[in-house]
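Asker:
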Amino acid sequence: MSKVRRNSNLIDDISINGILCYGSLQVRNGVFSFFKDHFKNAGWNIPRMSDITLPQILAIQRDEPEIPFFKDEVWSALYGCDGNKAPGPDGINLNFVKTNWSIIKYDFMNFMQDFYNDGSVVKDLNKTFIALIPKILSPDSIKDFRPILLRTSDLLV
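According to this note's numbering, the sequence shown is numbered sequentially starting from 7.
1) Per the contact definition of three or more C-beta pairs closer than 8 Å, is the stretch 135-154 in contact with the stretch 101-115?
2) Enumerated in chain order, which unbroken segments of the beta strand (DSSP E) with a length of 3 residues or greater are wholly contained in the stretch 124-157?
3) Check whether the stretch 75-88 and the stretch 106-121 are in contact - that is, three or more C-beta pairs closer than 8 Å.
4) Which residues bound the beta strand (DSSP E) around I25?
5) Using 8 Å for Cβ pairs, my map puts D172 next to S21. What's the rounded Cβ distance?
6) Can you look up D88 in the DSSP assignment and give me helix, strand or coil?
7) Let me check one thing: in DSSP terms, what residues is S21 bridge-paired to?
8) L84 and K91: beta carbons closer than 8 Å?
9) Pop quiz: V37 and D19 are said to be a contact at Cβ under 8 Å. What is the actual Cβ separation, rounded to whole angstroms?
10) Are K40 and N23 touching if we call contact CB-CB under 8 Å?
11) Determine the extent of the alpha helix (DSSP H) in which T105 is found, giving its start and end residues.
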């Protein structure tokens, strides 16, 4: 059954910007190029920080991000998130984390503590994958697909 599903999800050829791409290599390169251009900054008018007047904050507010993470705060953040969103490339959505919190909380809190101490995460956790979801029954153009970004669940928190 999985082989049938995989074959039905396979894109053998696709039109990208009016050019028909055949075979996995051409399709892969064409899709990559299309979305690289699609997500590129196309001359958007992004305001400069010098153009923005920011309100002053109190010293306690300024120092708050330097306070370590507490288990109750992390759980509160998790609990407030919709856990039914699409799973990330790791196959896990936040419902998994919520449901299994009693089992994984120590490892998860160690991950959060490492982030707090080092200010960095494992490079592979910061990757985003794009899944192409067809908008119509028989898509033949890249514009017939909706890109869905998949992130690892650790970084959603």
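Note that CB positions come from ideal geometry on N, CA and C, so glycine has one too.
Answerer: So, to answer that:
1) no
2) 135-140 and 151-156
3) yes
4) Here residue 25 corresponds to residue number 19 of the sequence shown, with the count starting at 1. I25 to Y28 is the extent of the beta strand (DSSP E) around I25.
5) Since the displayed the chain opens at 7 and closes at 163, residue 172 lies outside it and no answer follows.
6) Working through the sequence shown from its first residue, we reach residue 88 at position 82. If DSSP states are grouped into helix, strand and coil, D88 belongs with coil.
7) The residue given as residue 21 occupies position 15 in the sequence shown. Looking at the DSSP assignment, S21 forms a beta bridge with L26 and S147.
8) Residue mapping note: residue 84 aligns to position 78 of the sequence shown, counting from 1. Residue mapping note: residue 91 aligns to position 85 of the sequence shown, counting from 1. Going by C-beta atoms, L84 is not nearer than 8 Å to K91.
9) As a working note, residue 37 is residue 31 in the sequence shown. As a working note, residue 19 is residue 13 in the sequence shown. Contact flag wrong, Cβ pair sits at about 12 Å.
10) Counted from its first residue, the sequence shown places residue 40 at position 34. Counted from its first residue, the sequence shown places residue 23 at position 17. Correcting the residue identity first, residue 40 is Phe in this sequence and not Lys. Contact: yes.
11) In the sequence shown, the residue the question calls residue 105 occupies position 99. Unbroken alpha helix (DSSP H) run through T105: L100 to T105.
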